[in-house]
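Since the structure comes first, as structure tokens, the remarks are kept for the end.
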Amino acid sequence: MAMLKYIGIGVVVLLGGVLIAAAMRPDSFRVQRSAQIKATPDKIFPLINDLRRFNSWNPFERKDPNLKRSYSGPESGKGAAYAFDGNSNVGKGSLEILDAAPASKVTMALHMREPFQVDHKVDFILQAKGESTEVTWAMQGAVPYFAKIIHLFIDMDRMVGSEFEAGLASLKTIAEKTP
Numbered sequence: 001m002a003m004l005k006y007i008g009i010g011v012v013v014l015l016g017g018v019l020i021a022a023a024m025r026p027d028s029f030r031v032q033r034s035a036q037i038k039a040t041p042d043k044i045f046p047l048i049n050d051l052r053r054f055n056s057w058n059p060f061e062r063k064d065p066n067l068k069r070s071y072s073g074p075e076s077g078k079g080a081a082y083a084f085d086g087n088s089n090v091g092k093g094s095l096e097i098l099d100a101a102p103a104s105k106v107t108m109a110l111h112m113r114e115p116f117q118v119d120h121k122v123d124f125i126l127q128a129k130g131e132s133t134e135v136t137w138a139m140q141g142a143v144p145y146f147a148k149i150i151h152l153f154i155d156m157d158r159m160v161g162s163e164f165e166a167g168l169a170s171l172k173t174i175a176e177k178t179p
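Sequential numbering from 1 applies to the sequence shown in my numbering.
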């Protein structure tokens, strides 16, 4: 009986520690990766600003060969939108371009509905660096308390960052081959 009491106390202390550690985590997150691409910002910008072309290098598109997708709004720029419904590796949600500054920045809203409901801001920043362009892909958003608990066990920066790195590598390949 005493052993069960100590086990119970240990479980309560452990659970309390997890809850306290989660409460101390930041209320927001930012994941960011950059790549140098041997192409001008003018050449790279349409590959981001047009969601159909964006999906030619988007790493999440490759995670589900049966992904259902639909496009709405203008073909590119502000108001262009893309809805997707895929397997558990992709989820269900939408991406909408909120703002586009030609050859320098595209800001998008990512609205995930499955497996979790989250809303994040996504930025693509293009900076000319001589004959190359530095492309930065960043995502940021709020972290509700439940997500803070999950973030104790899952490294969001590494998980999402590796996808951004793969996407930027694909973008680099396409942009550097485009005449």
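The beta carbon of each residue, even a glycine, is placed where N, CA and C say it ideally should be. Everything numeric in this text was worked out from a predicted model, so none of it was measured.
- Three or more beta-carbon pairs separated by less than 8 Å link the region 128-148 to the region 35-52, which places the two stretches in contact.
- When beta bridges are read from the DSSP output, ILE20 appears opposite no residue.
- Counting C-beta pairs with one atom in each stretch, the region 42-61 and the region 113-120 have fewer than three that are closer than 8 Å, which means they do not touch.
- The straight-line gap separating the alpha-carbon atoms of ASP42 and ASP64 is approximately 30 Å.
- Excluding residues up to 5 positions away in sequence, GLY73, ILE97 lie with their Cβ nearer than 7 Å to the Cβ of GLY79 in the same chain.
- Note on geometry: alpha-carbon atoms of GLN32 and ALA109 lie some 16 Å from one another.
- For MET1, there is no enclosing beta strand (DSSP E), as DSSP marks it with neither H nor E.
- SER170 sits close to PRO59, with the two beta carbons spaced by under 9 Å.
- According to DSSP, residue pairing for ILE97 in a beta bridge involves MET108.
- Put simply, of LEU14, ARG25, GLY16, GLY10 the residue whose alpha carbon is nearest the alpha carbon of ILE150 is ARG25.
- Separation of the CB atoms of VAL122 and MET139 is rounded to 5 Å, and the pair is thereby assigned contact status at 8 Å.
- Rounded to the nearest whole angstrom, the CA to CA distance from GLU176 to SER28 is 35 Å.
- Taken through DSSP and simplified to helix, strand or coil, THR178 comes out as coil.
- Counting only residues of its own chain and dropping the five nearest sequence neighbours on each side, PHE164 has a CB closer than 6 Å to the CB of ARG33, TRP137.
- ASP157 and LYS5 have their alpha carbons spaced roughly 39 Å apart.
- The beta-bridge partner set that DSSP reports for LYS92 consists of ASP85, GLU114.
- No Cβ-Cβ contact shorter than 9 Å links ASN49 with GLY93.
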